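First comes the structure, then the notes that go with it.
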Amino acid sequence: MRGLNTRIVSLATTAAAVVVTAVASTPAAHATVVGTPVLRYSFDKGFSDDSGHGHALTVYAVRGGTTAAVANGAGQALRFPKHCTGRKCPRVVLQTASTDELNPGTAAFRYGATILLPKKETTSGQNVLQKGYSSAGGQYKLQIDGRAGRPSCVLVGTGRRGIHQARSPVSVADGAWHTIECQRSGSTLSVTVDGVVRDTATVPATLSVSNAAPLSIGGKGAYADNDQFQGTVDEVWVARG
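Residues in the sequence shown are numbered consecutively from 40, following my numbering.
Quick look at the structure:
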């Protein structure tokens with residue numbers, strides 16, 4: 040990350056949460072964002088929002104959790120902590136505060152990321168990107184499910200308990216870069232992996248997502264059982280339309 044200048048918020052330690060390290064595998068292809076971007080992170084210029092909408096990220100970490108900047112082609116990607124079990128494991132997430140433009144309501148929108156995840160780093164579940172929780176206010180989320188490492192897209196409507204999920208039958212946990220996109224359009228939720236639609240799910244056309252929760256990258260939050268992402272991420276984005 041060239042010219043890195045960011046706020047570090049540590050909940051259990053004063054150690055810096057970002058270090059620079061080596062190259063991350065074969066360079067990833069840049070994601071093509073369709074629609075109107077409202078948030079985008081390439082991590083090439085620290086944790087600033089490349090969309091120009093001002094959604095800068097803050098790092099939250101506990102128990103020495105860190106992210107590491109790794110070279111990815113001509114730019115940078117961000118590596119999260121490796122696999123660890125137990126309540127004393129390091130945890131780290133990146134968050135930006137909620138705004139109206141990050142709450143799509145019932146409108147069509149898309150979100151996604153480019154990730155690299157080795158098979159040995161899979162767990163029962165890892166969250167790449169999420170805004171909101173399944174219990175209240177609605178939610179949209181991109182996660183990697185189970186030891187098989189299958190990506191899925193999740194929507195939960197405001198005031199509703201039903202969880203809607205489109206899950207790829209194809210794993211992305213192979214140590215190579217993969218681009219994943221989630222799209223909600225009307226009553227359809229889809230998950231696309233490397234340009235191929237892998238699954239769709241039907242959602243109510245009236246389903247609305249609007250909450251005050253921050254948008255979080257790498258897990259629910261900096262605490263135990265946070266569904267910590269344990270791979271490398273690049274090109275995280277949210278777009279309308």
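From the three backbone atoms N, C-alpha and C, an ideal C-beta is built for every residue, glycine too. All of these numbers come straight from a predicted model, not from anything done at the bench.
Query: Any idea what DSSP makes of residue 141, helix, strand or coil?; Result: helix
Query: Can you tell me the Cα-Cα spacing of residue 173 and residue 192, whole angstroms?; Result: 13 Å
Query: What distance in whole Å lies between the Cβ atoms of residue 162 and residue 217, which are believed to be in contact at a cut-off of 8 Å?; Result: The Cβ separation is near 17 Å, so there is no contact.
Query: Out of 98, 194, 132, state which residue places its alpha-carbon closest to the alpha-carbon of residue 241.; Result: 194
Query: In angstroms with no decimal places, state the Cα-to-Cα distance between residue 62 and residue 82.; Result: Because residue 62 sits at a pLDDT of 49, beneath the cut-off of 50, its placement in the model cannot be relied upon, and the point is left open.
Query: Going straight from the alpha carbon of residue 95 to that of residue 277, what length do you get?; Result: 14 Å
Query: Give every residue of the same chain whose Cβ lies closer than 6 Å to the Cβ of residue 87, excluding the five residues on either side of it in the sequence, and list them in chain order.; Result: 95
Query: For residue 210, count neighbouring Cβ atoms within 10 angstroms of its own Cβ and tell me buried if that reaches 16, exposed if not.; Result: buried
Query: Return the residue from the list 100, 214, 116 that minimises the CA-CA distance to residue 160.; Result: 214
Query: Would you decide whether residue 189 is buried or exposed? Buried here means 16 or more other CB atoms lie within 10 Å of its CB.; Result: buried
Query: Using the C-alpha atoms, what's the distance from residue 280 back to residue 220?; Result: 13 Å
Query: For the beta strand (DSSP E) that residue 192 lies in, which residues bound it at each end?; Result: 189-195
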